[in-house]
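These notes concern the structure reproduced below.
Number of protein chains: 2
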Amino acid sequence: MSIPTTDPRSGETRETGIEATTDAGVAAITTAAHAAFLDVRDRPRAWRSGLLRALADGLDARRTELVETAQAETGLATPRLDTEVTRCVMQFRMFADAIDDGGYLEVAIDHAATTPVGPAPDIRRMLVPLGPVAVFGASNFPFAFSVPGGDTASALAGGNTVILKAHGSHPLTSKLSFEVLDAAATAAGAPAGTLGIVYGQAAGATLVADPRVTAVGFTGSLSTGRILLDIIETRERPIPFYGELSSVNPLVITAGAVAARSADIAEGLFTSVTGSAGQLCTKPGIAFVPADAAGDALVAELVARAEAAAPQPLLNRRIRDAFEEISDRLRGAGKARELVAAVVGEEGFALGPAVLEIDAADVTADVTEEAFGPLVVLVRYRTLDDLRSALAAVPDSLTATVHAEDDETTEIAALVEALRDVSGRLVFNGYPTGVRVSWAQHHGGPWPATNTLHTSVGMSAIRRFLRPLAWQNAPEQALPAELRDGETGIPRRVDGVLQLARTLTA
Amino acid sequence: MSIPTTDPRSGETRETGIEATTDAGVAAITTAAHAAFLDVRDRPRAWRSGLLRALADGLDARRTELVETAQAETGLATPRLDTEVTRCVMQFRMFADAIDDGGYLEVAIDHAATTPVGPAPDIRRMLVPLGPVAVFGASNFPFAFSVPGGDTASALAGGNTVILKAHGSHPLTSKLSFEVLDAAATAAGAPAGTLGIVYGQAAGATLVADPRVTAVGFTGSLSTGRILLDIIETRERPIPFYGELSSVNPLVITAGAVAARSADIAEGLFTSVTGSAGQLCTKPGIAFVPADAAGDALVAELVARAEAAAPQPLLNRRIRDAFEEISDRLRGAGKARELVAAVVGEEGFALGPAVLEIDAADVTADVTEEAFGPLVVLVRYRTLDDLRSALAAVPDSLTATVHAEDDETTEIAALVEALRDVSGRLVFNGYPTGVRVSWAQHHGGPWPATNTLHTSVGMSAIRRFLRPLAWQNAPEQALPAELRDGETGIPRRVDGVLQLARTLTA
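Order-wise, the sequence lines are chains S and A.
Every letter in the first sequence is one number past the one before it in the numbering used here, and letter 381, counting from 1, is 381.
Here the numbering used here = 1-based position in the second sequence + 1000.
Have a look at this one:
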């Protein structure tokens, strides 16, 4: 029997014809990925940026088919999926630009010199790729955190090869995305094995244990993350595991902000909580609202919107069931009040939004569990001290958001102080969902948000799949082009002084 | 009974008056380190670079006393120890310069913009410190990898506070170094708790498990590293553990090089193998010598030097005993031939150098174990293929060294190809011992050399103790100075374009 696919809108399941990858299949794929790595890593950067642009073009050309396939497997709306493809296309192009820029290589050259401890040799350093990288697709982003997503783009950009683990929730989308990328890569001259894909949970576990795999990128649940981390720990050679795992993303609204714009914030918060049926790792799952009349108005507005909302399909049965289980726990936790109960849709895995409310003094870890779906816990608070105490019960997150007026300088300072240690991105007067792909982005955060000090979104995500290598007193013939003396077109730190790539003028 | 100290030259042990730190003592120290962190992390960079320069000056001023104390506990020669203090002084000053430079913050600013996926918010990113960092001193560098060493300097430079675990092999040196640094820090206005120190193995384990500790820097044996990693895995919140663990550092001499300069290489190799009694993590423990007449001459010269060498004290009884045990294993392994047996000195823990020889075809993992002390295994090879097969049995290392003539282009290319994946630094026509502290240095390497993708020596070591944090649409008042618009005196990547700090002109 082949791997099944289910339409979350109807709940109907059918076979895909895709077989789960066997252990022998995984070994063949990692062997090919290793062989391809030995070839591609030494190709010029211009070839690699061309490869990434070819992948972007390939995706863009098959957009309609990709979106249709993904919609049948995820139930996500067409505009959302279309934007996701655009994001992947843009991301490949941005990483191509980053390759051309060359700053990510962190090149440093220290010429031989006399130092306080004596004569010192010439040392040159740059970052080099690791080898085959395993990338686990996530359920909630069939493109941007799956086959053609950020982990794939950043690992390839660094000069690695990539083996994808298709997410079981969208096997056909994974297969089609892979075929599109693989065809584009082949046309761009990439050797077979530059990209590979495996299907099935067992194959994923085998992949993480494979000695040829040199790093793992994972976006998913804390529980699956722990299983994979346990496999990593049994390896003879440990490898980096970059896990983005769990996040409740606290959002704090000050008295000034709620007084000035309660309706706006209610609308923005509602959209952020329910967009993509709340199945985003950056969904604000807990919002702190002043216990005053303006706060009451915000809550009433949010409740009205939630009550009027149509159920949306969750991604799969497991997520729907887990959401209901966690919602039950949250509802029964301590002194939480249920303001809006999730309405169960008539077909498939559809659910409406849920809103809970609790007083700040009653917040415990029981009501701060992440519910992956359209649920928000509203915490009503009176003072900054109440707020701080309640925040202490919230697990560290990818993001933390503050809605405040500019003249609330005391509140802003106190909130930055309270939130910067427990998150990876501080959002002001906006919403954490919708993660910009850019140089300055950081999509990461303290445990249990992630287990790393790196980002999985934005240009510096490339650093995860590189290691430094130093050359001492190397003859020029032994040096990579980027480390030779003279102009190389990339920024470098030479004898301690950062130098820009020189711009060629006519 | 207090912690003992032993003079390795005589083997005599005496009490130090230093008590092992209790669990309560560790908790008090980490609590103070956390409190100090909340203060120092927000001080301006200029204050922190001043602090590091004050630590450099403090060390420099007490140099004589430090060296004398260390000599009595390590048996290392005065010039070596004096240079080590100089290295620490220089290192603090270089990290101070790096703080002033500000490039290590990796600042990126992306202004709000319209992108292919829609309007995107203003995002600003920089690296921020982690919190209290635990630093484990190493036996073989009583200064440079102990209390005033690179881990301490890089963690402090990043804005963290530091808790040292004194190495049991030099408690008095650790205590004195700590007092010197602590006094200098206090005079520079650092709060109590900026630096802390614990004594005893149990205290080290307690420290690694402490929830207030946010990262660990460790240089030591693979076995101790594994014990500490096991403790990390039991923590509720995992933290990064940067371990520099084990390294045999293969050195390859080509036919051309041995023909051109066998006596020079014999002298250099002998010095590198026996300097500091071979107790350096970068000691070349296995050298590949052509099986020809020039190779025979090199071996003969090396043997003559080893036979003439006086025994030198090893650092402590445990290291001496382990060295003898491993030497016995290597000597008995397969077809190894003992060319020079280690002479046992008359007093203390002194031992002379040992030289083993084996044919390339006979090399197995049995003869590639790291022997921490003055021992080298000479592997005699005939062809590049023999060499590559034998190299495959060598564990990955911090360094790999090639001695070759410039016109041996085929050999150089083949050796770079064979060695770059198994080491962190490629050394040409030199020796891996003597690690330059500079911007381009990389002191790291694949497992089991280290368990990280970072360096523990050189300016980029600071990256280990920083994490990214992003600000989205932040009002200026909420931004650190380095992230505000306008000139800040540091390099930044603004809207994707790297910009240098502008030089102020008159």
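Glycine residues also receive a C-beta, built at the ideal position from the N, C-alpha and C atoms.
From a predicted model like this one, the values you see are computed outputs, not experimental measurements.
Proximal chain S residues relative to residue i, where beta-carbon distance stays under 9 angstroms
i                : result
R1043 of chain A : The premise fails here: R1043 of chain A is roughly 15 angstroms from chain S at the closest Cβ pair, so nothing lies under 9 angstroms.
I1253 of chain A : What I1253 of chain A touches in chain S: nothing, since even the nearest Cβ is about 15 angstroms away.
P1142 of chain A : Ordered by position in chain S, no residue passes the 9 angstroms Cβ test against P1142 of chain A, which lies about 16 angstroms from the chain.
D1406 of chain A : P475, Q477
From the options, residue whose alpha carbon lies closest to that of residue i
i                : options                            : result
L1059 of chain A : A:I1412, A:A1304, A:T1013, A:R1093 : A:R1093
A392 of chain S  : S:G496, S:N429, S:V422             : S:V422
L1387 of chain A : A:V1367, A:A1418, A:H1403          : A:A1418
A371 of chain S  : S:P284, S:T410, S:G17, S:T16       : S:P284
V355 of chain S  : S:T401, S:R305, S:N316, S:D366     : S:R305
Y431 of chain S  : S:G496, S:S456, S:L280, S:S49      : S:L280
A188 of chain S  : S:L269, S:G256, S:V40              : S:V40
T271 of chain S  : S:D230, S:R14, S:G434              : S:G434
P4 of chain S    : S:S154, S:H170, S:R226             : S:H170
A341 of chain S  : S:D362, S:L375, S:I123             : S:L375
P1211 of chain A : A:G1348, A:E1236, A:S1223          : A:E1236
S1049 of chain A : A:G1102, A:A1036, A:G1486          : A:G1102
S1262 of chain A : A:D1292, A:V1273, A:L1051          : A:D1292
P1382 of chain A : A:D1296, A:E1487, A:A1056, A:G1458 : Checking the displayed sequence, the identity of residue 1382 of chain A turns out to be Arg instead of Pro. Checking every option, the nearest Cα to that of R1382 of chain A belongs to A:D1296.
G1496 of chain A : S:P44, S:V427, S:A98, S:A20        : S:A98
G256 of chain S  : S:L228, S:A294, S:I286             : S:A294
A1046 of chain A : A:G1489, A:G1345, A:S1397          : A:G1489
Contact set between residue i and chain A, taken where Cβ atoms lie within less than 7 angstroms
i               : result
I109 of chain S : A1440
E116 of chain S : At residue 116 of chain S the sequence reads Pro, which differs from the Glu that was named. In chain order: T1086, M1090.
Rounded straight-line distance, which links the Cα of residue j to that of residue i
i                : j                : result
S1174 of chain A : F178 of chain S  : 57 angstroms
A277 of chain S  : F288 of chain S  : 21 angstroms
T234 of chain S  : T1206 of chain A : 25 angstroms
R226 of chain S  : I232 of chain S  : 10 angstroms
R318 of chain S  : V379 of chain S  : 28 angstroms
Q1312 of chain A : G1075 of chain A : 8 angstroms
A361 of chain S  : T401 of chain S  : 21 angstroms
H1034 of chain A : L1315 of chain A : 34 angstroms
S246 of chain S  : F141 of chain S  : 15 angstroms
A153 of chain S  : F95 of chain S   : 7 angstroms
R1063 of chain A : L1164 of chain A : 20 angstroms
L498 of chain S  : A266 of chain S  : 47 angstroms
R1331 of chain A : T1368 of chain A : 11 angstroms
Y1199 of chain A : L222 of chain S  : 36 angstroms
R1014 of chain A : Q1071 of chain A : 15 angstroms
V1494 of chain A : G1445 of chain A : 33 angstroms
R484 of chain S  : E476 of chain S  : 6 angstroms
Contacts of residue i in chain A (Cβ-Cβ under 8 angstroms)
i               : result
E73 of chain S  : Within chain A, no residue comes near E73 of chain S; the closest Cβ sits about 22 angstroms away, beyond 8 angstroms.
V416 of chain S : A1478
Contacts of residue i in chain A (Cβ-Cβ under 9 angstroms)
i               : result
I123 of chain S : R1425, R1436, S1438, W1439, A1440, Q1441, H1442, G1458
Contact set between residue i and chain S, taken where Cβ atoms lie within less than 8 angstroms
i                : result
E1233 of chain A : E233
A1360 of chain A : Neighbours of A1360 of chain A on chain S: none; closest Cβ ~23 angstroms, over 8 angstroms.
R1420 of chain A : V128, L469
Within chain S, the residues that residue i reaches when beta carbons sit closer than 7 angstroms
i                : result
G1103 of chain A : L498
R1467 of chain A : L453
T1409 of chain A : Q477
beta-carbon residue i near the ligand ZN non-hydrogen atom, thresh 6 angstroms
i                : result
A1304 of chain A : For the structure depicted, the ligand ZN is absent and the ligand set is empty, with no information on it obtainable.
>> So, does the segment 1193-1202 of chain A touch the segment 1023-1035 of chain A, judging by three or more C-beta pairs under 8 angstroms?
In response: By the Cβ test, the segment 1193-1202 of chain A is in contact with the segment 1023-1035 of chain A, since at least three Cβ pairs between them sit closer than 8 angstroms.
> Is there contact between the segment 1465-1483 of chain A and the segment 1117-1136 of chain A, where contact requires at least three CB pairs shorter than 8 angstroms?
Replying inline: Yes, the segment 1465-1483 of chain A is in contact with the segment 1117-1136 of chain A.
> With contact counted as at least three CB pairs below 8 angstroms, one residue from each stretch, are the segment 1207-1215 of chain A and the segment 1159-1169 of chain A in contact?
Replying inline: The segment 1207-1215 of chain A is in contact with the segment 1159-1169 of chain A.
> Which whole runs of the alpha helix (DSSP H) in the segment 1058-1089 of chain A are 4 residues long or more, in chain order?
Replying inline: Those alpha helix (DSSP H) runs which fall completely within the segment 1058-1089 of chain A and span 4+ residues are 1063-1074.
> With contact counted as at least three CB pairs below 8 angstroms, one residue from each stretch, are the segment 1242-1249 of chain A and the segment 247-265 of chain S in contact?
Replying inline: Flag = no, the segment 1242-1249 of chain A and the segment 247-265 of chain S do not touch.
> Using 8 angstroms as the threshold, is the segment 145-156 of chain S in touch with the segment 83-91 of chain S, meaning 3 or more CB pairs across them?
Replying inline: A contact between stretches requires three or more CB pairs, one per stretch, nearer than 8 angstroms, and the segment 145-156 of chain S meets this requirement with the segment 83-91 of chain S.
> How about the segment 10-25 of chain S and the segment 333-340 of chain S: do they share at least three Cβ pairs that are nearer than 8 angstroms?
Replying inline: Verdict: no, contact absent.
>> My parser needs the alpha helix (DSSP H) runs of 4 or more residues fully inside the segment 1184-1229 of chain A; what are they?
In response: List check, alpha helix (DSSP H) in window: 1201-1209.
> Are the segment 1314-1325 of chain A and the segment 1399-1411 of chain A touching, with three or more C-beta to C-beta distances below 8 angstroms?
Replying inline: No, they do not touch.
> Looking at C-beta atoms only, is the number of pairs between the segment 111-118 of chain S and the segment 53-67 of chain S that lie closer than 8 angstroms three or more?
Replying inline: Pairwise C-beta distances place the segment 111-118 of chain S out of contact with the segment 53-67 of chain S, as fewer than three of them are shorter than 8 angstroms.
>> Below 8 angstroms, how does it come out for the segment 1131-1138 of chain A and the segment 444-460 of chain S: are there three or more Cβ pairs, yes or no?
In response: Flag = no, the segment 1131-1138 of chain A and the segment 444-460 of chain S do not touch.
> Counting only runs that start and end within the segment 1460-1495 of chain A, where is the alpha helix (DSSP H) found for 4 or more residues in a row?
Replying inline: You should have found no qualifying run.
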